[in-house]
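Heads up: the sequence shown is residues -2 to 341, going by my numbering. No residue lacks a Cβ here, since even glycine has one placed at the ideal position from N, Cα and C. Below you'll find the structure, written out as structure tokens, and then a few comments.
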Amino acid sequence: MVNNDIIREEEISSKGPQNKKPCYLYLVLPVYNEEELLEENIGILQNYYRVLMAAGEIREDSRILLVDDGSKDRSWEIISSFCSAGSVVEGLKLSRNEGQQTALYAGMKEACELGAEVVITLDVDLQQDIHAIPRFLAAYRQGADIVNGKRTSRETDSFFKRHSASVYYKCMKWLGCELLPDSADYRLMSARALEALMQYGESDLFIRGMVPTLGFRSAIVEFDVHERTAGSTKFTLGKMLSLAGAGITSFSTRPIRLVFLLGLLVLLTSGIMMIHILVDYLHNNAVSGWSSILASIWLLGGIAIFSIGIVGEYVGRAYMESKKRPRYFIEEKKIHKDKDDTDL
Ligand code: UDP
Ligand code: MG
């Protein structure tokens, strides 16, 4: 499913920046309860933006859009304090916590509507190395509409996260959804790729699964991962499981088919058992073993409940999608376009 026409890392760095035209870039960062590191990291981003502008990489009106995903701490206050007119920082506040994927989507949509030429998404804890941005832009200039970041190592992840991610990516591949391994949501998308993504209707978002299905020319850029400088991960186990579930149910119906095959297998086995029981009965040596009966009851019960669970997961998610509820509501916007300053 992944586009084969991929520009590799080596090909990007080997080309020089001839005829470089500054890009109108929107950096989109989701924020959820990040008061400990927000001020410092916005400062780092602002400084780096100045460097990129001076180097002719990005246009002077490029912006950093912070999407507050319903934080309960001082995050929005901090974002607002940076959003004065003339600043490169802009803010968007969602009415409640919708999850990182929805926050990213909201930011990308806003940037798209504001006419961004390219959008790069990035986590606000800056674990993903921002110094890879010029290489993302170089790949874009070479014709890639989608540039995926690929981490060079997973050393900063916990043992559990590292191994569960690897198993999950293998499962997804087997289920028919090809994901780029070791890719977070550090990605560049061109305006036309974004417009295509915005046409997807599902409310249960799994962006890293959706993007490869868009097609377009893509590229891969490798980046280093740093430790979080402050605060703790906002990805609780529940959020990770929910995202993993969205990935499976929105991209594969194979689990349902497996349930069907499992049922068929059990049915065949019970047919053989029937013959066996009948033969034993006719030979008058029926065994009065309760353990074998109990074992089969538990086994069959388990299989039945598990299978219903898988089907239920699909039915539940299909039900939620069928409601066609809005994905999010914007409570406040701090966007300062040159012409009409808005502070909704
Ligand atoms: N985040 C979010 N909503 C959430 C959880 C996380 O917007 O419900 C943001 C968070 O502020 C950060 C990014 O998503 O910018 C990645 O989260 P985190 O660093 O906690 O994840 P990890 O790096 O541990 O996977
Ligand atoms: Mg992080």
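Residue pairing from DSSP places GLY88 in a beta bridge opposite LEU63 and LYS331. CA-to-CA, the gap between SER150 and GLN124 works out to about 12 Å.
Remark: the shortest separation between the CB of ASP66 and any heavy atom of the ligand MG does not fall under 7 Å. DSSP lists ASP65 as the bridge partner or partners of VAL28. If you keep only unbroken alpha helix (DSSP H) runs of at least 4 residues inside the region 31 to 60, you get 32 to 51. Relative to the ligand UDP, the beta carbon of GLU328 is positioned no closer than 7 Å to any heavy atom. Beta-bridge annotation (DSSP): ALA162 is not paired with any residue. Going by DSSP, ARG322 is part of no beta strand (DSSP E) at all; its letter is neither H nor E.
Ranked by Cα distance from TYR311, the first of ALA292, LEU259 and SER249 is SER249. In this structure ASP201 touches MET317 by the C-beta definition: roughly 7 Å separates them, less than 8 Å. Put simply, the residues with a CB less than 7 Å from any heavy atom of the ligand MG are ASP120, ASP122, GLN124, ARG225 and THR230, in chain order. Straight through space, the alpha carbons of MET270 and ASP277 are spaced by roughly 10 Å. Annotation for VAL86 indicates a beta carbon at 7 Å or more from all heavy atoms of the ligand UDP.
CA-to-CA, the gap between PRO178 and LYS170 works out to about 10 Å. About 7 Å separates the Cβ atoms of VAL263 and LEU297, confirming a contact at the 8 Å cut-off.
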